[in-house]
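J.: Residue numbers (my numbering): 187 to 422.
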């Protein structure tokens, strides 16, 4: 029994040695994997065509590292799009010499598969869409923090209402900003606010507006906002 076990162990050892002798070291980029990734990121230029189409993905490029370390015969094995494929091939063709693979003490030609990932950068903010924080200097200090969201009701028996004619008030109070004159700027500003249960007295009447949020298509329309009275409505 012991003889059989020893024979099996010797066979496995000999097999491991033989397999190890047949494993060829892969070609490598000078400086190692980290240097390779740094080179790719430095050289990578996102094609305009790919940006417009929001193309992204992973391109697999196969090439041969010859006995002199030259990168030859690059070709795309897994494609993403024509523009990204071309960029991947351009990066590979610009690479410096690699450290070639060796066998039996001699340099040999060996294929290598390189993965190049393309992730489209985030889109810039839409210049026609703005969100602004409103400045309401006449609001008291106790109303400056946002209203507790857990105490805001969306549906109630009696909805809040403006005291008076809202449209007349908006018409009388709206001032076209001087900075917008001559620009042709126009559009709609939607103002959302919370009508609180409490209210306070000011020289203009009762106030019960908590915090405000404004969505506008034009910066000029939001330079200054003043709201008086009580209510929750949208202006167009």
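Virtual Cβ for every residue (Gly too), placed ideally from N, Cα, C.
For residue 306, which residues in the same chain have their Cβ closer than 8 Å to its Cβ, ignoring the five residues on either side in sequence?
T.: Mapped onto the chain shown, residue 306 falls at position 120. Contacts found: 232, 236, 237, 240, 241, 242.
J.: Excluding the 5 residues flanking residue 344 on each side, which residues of the same chain have their C-beta closer than 6 Å to its C-beta?
T.: To locate residue 344, count along the chain shown from 1; it is residue 158. Cβ within range, chain order: n/a, list empty.
J.: Alpha carbon to alpha carbon, how far is residue 247 from residue 303? Give it in angstroms, no decimals.
T.: Start at 1 with the first residue of the chain shown, and residue 303 comes out as number 117. Start at 1 with the first residue of the chain shown, and residue 247 comes out as number 61. So the alpha carbons of these two residues sit roughly 11 Å apart.
J.: Express the C-alpha separation of residue 348 and residue 356 in angstroms, rounding to a whole number.
T.: Here residue 356 refers to the residue found at position 170 of the chain shown. Here residue 348 refers to the residue found at position 162 of the chain shown. In a straight line, the C-alpha of residue 356 is about 11 Å away from that of residue 348.
J.: Should residue 281 be labelled buried (16 or more other beta-carbon atoms within 10 Å of its own) or exposed?
T.: On the chain shown, residue 281 is found 95 positions in, with the first residue counted as 1. It is buried - the Cβ of residue 281 has at least 16 other Cβ atoms within 10 Å.
J.: So, residue 277 versus residue 229, is the Cβ gap smaller than 7 Å?
T.: In the chain shown, counting from the first residue as 1, residue 277 sits at position 91. In the chain shown, counting from the first residue as 1, residue 229 sits at position 43. In this structure, residue 229 lies closer than 7 Å to residue 277 by Cβ.
J.: Please classify residue 241: does DSSP put it in a helix, a strand, or coil?
T.: Here residue 241 corresponds to residue number 55 of the chain shown, with the count starting at 1. Here residue 241 sits in coil by DSSP.
J.: Alpha carbon to alpha carbon, what distance is there between residue 295 and residue 211?
T.: Position 25 of the chain shown, counted from the first residue, corresponds to residue 211. Position 109 of the chain shown, counted from the first residue, corresponds to residue 295. Between residue 211 and residue 295, the C-alpha separation is close to 11 Å.
J.: What are the residues that DSSP puts in a beta bridge with residue 297?
T.: Mapped onto the chain shown, residue 297 falls at position 111. Its beta-bridge partners are 250.
J.: I need the DSSP call for residue 269, collapsed to helix, strand or coil.
T.: Taking the chain shown and counting its residues from 1, the one referred to as residue 269 is at position 83. Looking at residue 269 - three-state DSSP - the assignment turns out to be helix.
J.: Quick check on the burial criterion: 16 or more other C-beta atoms within 10 angstroms. Buried or exposed for residue 300?
T.: Here the question's residue 300 lines up with position 114 in the chain shown. By the neighbour-count rule (16 or more Cβ atoms within 10 Å), residue 300 is buried.
J.: In the DSSP assignment, what residue or residues form a beta bridge with residue 257?
T.: The residue you call residue 257 lines up with position 71 of the chain shown. DSSP, once it has assigned bridges, lists 251 as partnering residue 257.
J.: Does DSSP classify residue 304 as helix, strand or coil?
T.: Within the chain shown, the letter at position 118 stands for residue 304. Three-state result, residue 304: strand.
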